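Asks: Chains as they are written, first to last, in my numbering: chain A, 1 to 227; chain B, 1001 to 1227.
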DNA sequence: AAAATAGTGTCTTTCAGACAGTATTAT
DNA sequence: ATAATACTGTCTGAAAGACACTATTTT
């Protein structure tokens, strides 16, 4: 018997939402997607894309955030991982609430929301955001930085085909440090993280070989660089 | 205006619970605390300690799990970190539910629940558990193993004062590999993870110096061992 | 003295960082 | 030819792993 009563064990249930920290690498900077809230609470403030869980429609919380990103941001394919759950009596003036937060990574070339209200702002310094969303963005940045050196997460910010210079730059942006070119390429090659293609990218100077990620995004044991 | 209506945006709210994977190091094995459920659903099955969020009582989800561990397990001080949120329409027959899961680590000497219904079982092979609790335990073990080499988490399984041999054994248990004694001690010393005390532990053989953790539990950059 | 456990010294190999060099293209 | 970018080779120092050795206690 499905239960849609307002109470659990005689107690009221919290509000349940999902929110996403959508990150892209744009003009050499990590940026996060936000929109201006049209309604109270926090009307007029910038907020992460998110919304209520629809228990009659969403199979689980991941399905809920995917539905919302599709509806609100027109986003299709992207890397998604759960960040954590933020909860409390005071974070939403409507009552005790609980938000399952997610991190989404995608190439900026794929970021083209139909809704012009969605904009990209500096993820390192998002300023005042609605609810506790500034805290959530900070947690996402910490997660990305921490996991960056031990995973292919930074590559999720690049298009399917990329040059080694671009890959190194993605890692440098995520980690916030400069890496040695020679050592970086050695590590990437040893770890077999990427597969070569026959294609080249041309600009000024010598053309660069294009590569693609070898396997599914994942973590590895040794660091890609940095201490 | 606090909101205790059953609906959010015209939709029913999910059930909201918290559950904990309480891990201890006992007889050289990682064990998890479970209890036998007295009631349906999953009456008679083993389950993680957990319960409903009480919105009128708990400040946030962390306060909820701390209350429950105190009430159900008589547990006071322990290391606690959020593991993740498990959700879905099918994981609880009572309806769409959402559980914020936590990992708690404590020395087995501190684990003395008043309730005799709480028992320790092998965390690597918990067998059938209620709900999706086996999945949650597996996620906790993966987290602990992944973070073990880069953090002082394994030390949270030891009492306040411990020998270097005990510390190494805690890391070996968490990581599932043997570490070299000399290299391990070198690393621990270089990183200044621990402070010496004047006390000794005596058994057969040469007495061992006792140490305590230097700072708050946290992560570090380089691995403590293993590849 | 023997057994048991704690703790140290040292050799070797591996690997990360630094940096300079070569390669291939556009202008 | 020169500038620009891509890519590689090599040296050096630091650190990890292996393993044997010394130290201090109980029995």
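Think of the CB as a built atom: it goes at the ideal place given N, C-alpha and C, for glycine as much as any other residue. Please read all numbers here as calculations on a predicted model, not as lab measurements.
(1) By DSSP, does residue 99 of chain A sit in helix, in strand, or in coil?
(2) The alpha helix (DSSP H) spanning residue 1144 of chain B covers which residue range?
(3) Residues in the region 167-184 of chain A with C-beta within 9 angstroms of chain B's C-beta atoms, listed in sequence order?
(4) Against chain B, does residue 84 of chain A count as a neighbour if the rule is that its beta carbon must be under 7 angstroms from one of theirs?
(5) Just tell me which of B:1037, B:1136, B:1075 has its CA closest to the CA of residue 1105 of chain B.
(6) Examine the Cβ distances between the region 1125-1136 of chain B and the region 1076-1094 of chain B and report whether three or more of them are shorter than 8 angstroms.
(7) Could you work out which residues of chain A lie near residue 1098 of chain B, taking near to mean beta carbons separated by less than 8 angstroms?
(8) Which class does residue 200 of chain A belong to by DSSP, given the choice of helix, strand or coil?
(9) Quick check on residue 1004 of chain B: does DSSP put it in helix, strand or coil?
(10) Measuring CB to CB, does residue 1223 of chain B end up less than 7 angstroms from residue 1149 of chain B?
(11) Is the shortest distance between the beta-carbon of residue 104 of chain A and the beta-carbons of chain B less than 7 angstroms?
(12) Output needed for residue 1017 of chain B: all residues of its chain with C-beta closer than 6 angstroms, excluding positions within five of it in sequence on either side, in chain order.
(13) Please report how far the alpha carbon of residue 1221 of chain B lies from the alpha carbon of residue 1151 of chain B, in whole angstroms.
(14) Could you check the C-alpha separation between residue 1063 of chain B and residue 1199 of chain B for me, to the nearest Å?
(15) Determine the direct distance from the alpha carbon of residue 1160 of chain B to that of residue 127 of chain A, and round the result to whole angstroms.
(16) Would you kindly check if the distance between the Cβ of residue 1026 of chain B and the Cβ of residue 1108 of chain B is under 7 angstroms?
(17) Is residue 1165 of chain B helix, strand or coil when you go by DSSP?
(18) Measure the C-alpha to C-alpha separation of residue 58 of chain A and residue 192 of chain A and round it to an integer number of angstroms.
(19) On a Cα-Cα basis, can you pick out the residue from A:94, A:213, A:13 that is closest to residue 153 of chain A?
(20) What residue range is occupied by the uninterrupted beta strand (DSSP E) comprising residue 23 of chain A?
(21) What residue range is occupied by the uninterrupted beta strand (DSSP E) comprising residue 1029 of chain B?
(22) Using the Cβ count rule (16 or more neighbours within 10 Å means buried), how would you classify residue 29 of chain A?
(23) Check distances from the C-beta atoms of the region 137-168 of chain A to those of chain B and list, in chain order, the residues that come in under 9 angstroms.
(24) So, under 8 angstroms CB-CB, residue 47 of chain A and residue 131 of chain A are touching, yes? Tell me the CB distance rounded to an integer number of Å.
(25) Indicate whether residue 39 of chain A and residue 45 of chain A have their beta-carbon atoms separated by less than 7 angstroms.
(26) What residues of chain B sit near residue 88 of chain A, judged by a beta carbon separation below 7 angstroms?
(27) Rounded to whole angstroms, what is the Cα-Cα separation between residue 1169 of chain B and residue 1120 of chain B?
(28) Per DSSP, what kind of secondary structure is residue 81 of chain A in: helix, strand or coil?
Replies: In short:
(1) As a first step, residue 99 of chain A is located in the first chain; it is residue number 99 there, counting from the start. Residue 99 of chain A: strand per DSSP, three-state reduction.
(2) Numbered from 1 along the second chain, position 144 holds the residue referred to as residue 1144 of chain B. That run of the alpha helix (DSSP H) goes 1133-1148.
(3) none
(4) Against the first chain, residue 84 of chain A aligns to sequence position 84. Yes, residue 84 of chain A lies at the interface with chain B (some Cβ there is under 7 angstroms from its Cβ).
(5) Against the second chain, residue 1105 of chain B aligns to sequence position 105. Out of B:1037, B:1136, B:1075, B:1075 has the C-alpha closest to the C-alpha of residue 1105 of chain B.
(6) Cβ pair count under 8 angstroms is three or more, so yes.
(7) In the second chain, counting from the first residue as 1, residue 1098 of chain B sits at position 98. Simply 16, 53, 61, 98, 100.
(8) The sequence position of residue 200 of chain A within the first chain is 200, counting from 1. It is a strand residue.
(9) The count along the second chain starts at 1 and reaches residue 1004 of chain B at position 4. Since pLDDT at residue 1004 of chain B reaches only 47, below the 50 mark, its modelled position is unreliable, and the value read off the structure follows with that caveat. Residue 1004 of chain B falls in the coil class under three-state DSSP.
(10) In the second chain, counting from the first residue as 1, residue 1223 of chain B sits at position 223. In the second chain, counting from the first residue as 1, residue 1149 of chain B sits at position 149. Their beta carbons are under 7 angstroms apart, which means residue 1223 of chain B touches residue 1149 of chain B by this criterion.
(11) In the first chain, residue 104 of chain A corresponds to position 104, counting from 1. No, because no Cβ of chain B sits closer than 7 angstroms to the Cβ of residue 104 of chain A.
(12) Reading the second chain from its first residue, position 17 is the one you call residue 1017 of chain B. Only 1050, 1052, 1099 meet the Cβ criterion.
(13) Within the second chain, numbered from 1, the residue matching residue 1221 of chain B stands at position 221. Within the second chain, numbered from 1, the residue matching residue 1151 of chain B stands at position 151. Spanning the two alpha carbons is a distance of roughly 9 angstroms.
(14) To locate residue 1063 of chain B, count along the second chain from 1; it is residue 63. To locate residue 1199 of chain B, count along the second chain from 1; it is residue 199. Each residue's Cα considered, the two are about 36 angstroms apart.
(15) To locate residue 127 of chain A, count along the first chain from 1; it is residue 127. To locate residue 1160 of chain B, count along the second chain from 1; it is residue 160. Whole-angstrom Cα-Cα distance: 41 angstroms.
(16) Translated into positions along the second chain, residue 1108 of chain B becomes position 108. Translated into positions along the second chain, residue 1026 of chain B becomes position 26. Yes, the pair counts as a contact, with Cβ atoms nearer than the cut-off.
(17) Translated into the one-based positions of the second chain, residue 1165 of chain B becomes position 165. Residue 1165 of chain B: helix per DSSP, three-state reduction.
(18) Locating residue 58 of chain A in the first chain gives position 58, counting from the first residue. Locating residue 192 of chain A in the first chain gives position 192, counting from the first residue. When rounded, the distance between both Cα atoms is 37 angstroms.
(19) Along the first chain, read from residue 1 onward, the residue named residue 153 of chain A stands at position 153. Here the closest residue by C-alpha is A:213.
(20) Start at 1 with the first residue of the first chain, and residue 23 of chain A comes out as number 23. Looking at the DSSP string, the run of the beta strand (DSSP E) that includes residue 23 of chain A is 15-26.
(21) Counting from one through the second chain, the residue named residue 1029 of chain B turns up at place 29. Taken as a continuous stretch (DSSP letters only), the beta strand (DSSP E) holding residue 1029 of chain B covers 1029-1036.
(22) The residue you call residue 29 of chain A lines up with position 29 of the first chain. Residue 29 of chain A should be labelled exposed.
(23) 146, 149, 150
(24) Sequence index remark: in the first chain, residue 47 of chain A carries index 47 (1-based). Sequence index remark: in the first chain, residue 131 of chain A carries index 131 (1-based). Between residue 131 of chain A and residue 47 of chain A the Cβ distance is about 7 angstroms, and since that is below 8 angstroms, they are a contact.
(25) Residue numbering aside, residue 39 of chain A sits at position 39 when the first chain is read from its first letter. Residue numbering aside, residue 45 of chain A sits at position 45 when the first chain is read from its first letter. The answer is no: Cβ separation not under 7 angstroms.
(26) The residue you call residue 88 of chain A lines up with position 88 of the first chain. By Cβ distance, chain B contributes 1059, 1060.
(27) As a working mapping, residue 1169 of chain B is identified with position 169 in the second chain. As a working mapping, residue 1120 of chain B is identified with position 120 in the second chain. Whole-angstrom Cα-Cα distance: 20 angstroms.
(28) If you number the first chain from 1, residue 81 of chain A lands on position 81. Note: residue 81 of chain A maps to strand in three-state DSSP.
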